[in-house]
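Data first, discussion second: the structure below is written as structure tokens.
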Amino acid sequence: MFRSLFSAAVLAIVTTTATLAPLPVQATGHGCQTVQFPSGAYAHTVHGQAVPQRSQCYFLSVRPGQLARVRVTYGPVFFSTTHTNGNFQNVEFRTVNGQLYVYVHTNYQGSHPYGIEFVFV
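To get the working numbering, take the position in the sequence shown, counting from 1, and add 4.
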């Protein structure tokens with residue numbers, strides 16, 4: 005009986021801790037990181053390191069027809085998305101379907117820190 009109560013208490017603490025600590029990015033099966041917004045937020049910024057040898061990929065689950073704004077907040081990077089044509093540092097568009105992929109690129113040698121902001125209204 006003591007063991008059951010102890011396990012339940014630990015589970016409650018772990019669950020509460022996990023709920024309070026935001027997890028901004030998690031890996032997907034496609035090699036992309038899933039962007040998770042904090043509860044109630046409509047804007048979120050992710051940070052990363054860009055290298056010219058490969059793009060960094062982010063996945064967002066969105067509602068079709070939602071107004072989206074994506075922009076570089078800092079760093080020598082640009083991005084492309086599955087819902088737009090071209091490369092951008094700042095773009096506003098309506099989402100096409102429920103899956104938005106954003107690919108961050110750089111043309112500069114070395115590793116460069118960057119920030120990308122996602123806003124949905």
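Don't be surprised by glycine CBs; every beta carbon is placed ideally from N, CA and C.
Please name the residue or residues paired with residue i in a DSSP beta bridge.
i	result
H51	G119
V125	Paired residues: none, contrary to the question.
C61	Y107
V76	I120
If we ignore side chains and look at the alpha-carbon of each, how far apart do residue i and residue j end up?
i	j	result
V74	R58	20 Å
V66	Y78	24 Å
T88	V55	23 Å
N91	F41	24 Å
T118	N111	One point to set straight first is that residue 118 is Tyr, not Thr, in the sequence displayed. Going from the Cα of Y118 to the Cα of N111 covers about 13 Å.
V39	F97	18 Å
Q113	Q103	31 Å
S43	I120	19 Å
A25	Y105	Unreliable placement is indicated for A25, whose pLDDT of 32 sits below 50; the coordinate value is still reported in the next sentence. Roughly 24 Å between the two C-alpha positions.
H48	A72	12 Å
A45	Q70	15 Å
Among the options, whose alpha-carbon lies nearest the alpha-carbon of residue i?
i	options	result
H109	V100, T85, G102	T85
N101	P80, Y107, F82, P68	P68
Q93	S43, V76, C61	V76
H116	Q53, Y46, A72, F83	Q53
C61	L71, F82, S43	F82
T99	V50, S43, G119, V123	V123
C36	F63, T49, H48	F63
Q50	Y107, G114, G44	The sequence shown places Val at residue 50, not Gln. Of the listed residues, the one whose Cα sits closest to V50 is Y107.
Quick check on residue i: does DSSP put it in helix, strand or coil?
i	result
A45	coil
V106	strand
Q113	coil
T86	coil
N94	strand
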